[in-house]
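As structure tokens, then:
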């Protein structure tokens, strides 16, 4: 059993204590070996969809061969660089449901040597990975752990009809490895943002994150902003630097896959990479600032 309690002073963001970002790995997956056309899955999806006025699509289930979050997690972890210290905390972040509810990625991760705690975070749209990173940082700081991994996952086999553009373009995942000596990170979060004033919430969330380490503002510091699909380019104030909008069909992992591309390239020491996304349905806006060269 793991005992939890509310923090003494709740805060919307904060700087991650101790650990930094040491590795970012992205992978897209082709058709997998998971099937959901068995009697149990038919009952399961029929029950789930009936409460929302939707219809279980047996034809979609019959022709689909997907990837469970457990299978994708295993592949991502196996592909990471070797390290002497095990992962003390492993977190799965996802916005879409898993392929098969009988195979939990958090259970698989709990079997990795050294993992003291593994769990999943969901139901927060594009803000889910930000929440998962903050939680991983809090747990590692509390228990003086030396490594953690956050797995950001999307899977596209959904046996029911959805609105156009809602289902992911495929199966993909990003592994975010936290460890000693990595690039420091800080976070900002705004809840209750209205669609009509999303620009203000975006500015506030980014400002919170930058202010954790640079109270005087960015000044002449080089800044690149990566905006997720929940944020339009024009909703990011120009003062925060050049903006690249990432909307590649992967609602949870897409933004972080762009970080994987940049993380493998040399960075100008002291530069900032800002990631920001929103969940308009819930009114949440999250930002993360990665301080390249601030160790």
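In the numbering used here, the protein residues as written are 18 to 312. Quick reminder that beta carbons are idealized off the backbone N, C-alpha and C, glycines included. The structure presented is a predicted model; accordingly, all values stated were derived computationally and were not measured.
**OP:** Report yes if the CB atom of residue 291 is closer than 8 angstroms to the CB atom of residue 210, and no otherwise.
**Re:** no
Original post:
Along the chain, which unbroken stretches of the beta strand (DSSP E) at least 3 residues long are found entirely within the stretch 148-180?
Top reply: 164-171
Subject >> Local conformation of residue 225 per DSSP, three classes >> reply: helix
Subject >> CB of residue 112 within 8 angstroms of CB of residue 305, strictly >> reply: no
**OP:** Confirm, please, whether the CB-CB distance from residue 120 to residue 134 is below 8 angstroms.
**Re:** no
**OP:** Between the Cα of residue 227 and those of 258, 105, 208 and 98, spot the shortest distance and give me the residue it belongs to.
**Re:** 258
Original post:
Should residue 161 go down as buried or exposed, given a rule of 16 or more other Cβ atoms within 10 Å for buried?
Top reply: exposed
Subject >> For residue 82 and residue 5, the rounded distance between their alpha carbons >> reply: Coverage of the chain is limited to positions 18 through 312, which leaves residue 5 absent and any answer about it impossible.
Original post:
Leaving out the 5 sequence neighbours to the left and right, which residues in its chain are closer than 6 angstroms to residue 12 when beta-carbon positions are compared?
Top reply: No answer is possible for residue 12: it lies beyond the span of the chain, which begins at 18 and ends at 312.
Original post:
Taking C-beta to C-beta, are residue 199 and residue 36 nearer than 8 angstroms?
Top reply: yes
Original post:
Does the count of Cβ pairs from the stretch 121-141 and the stretch 189-199 closer than 8 angstroms reach three?
Top reply: no
**OP:** Counting only runs of 3+ residues fully inside the stretch 84-131, write out the beta strand (DSSP E) ranges in chain order.
**Re:** 106-111
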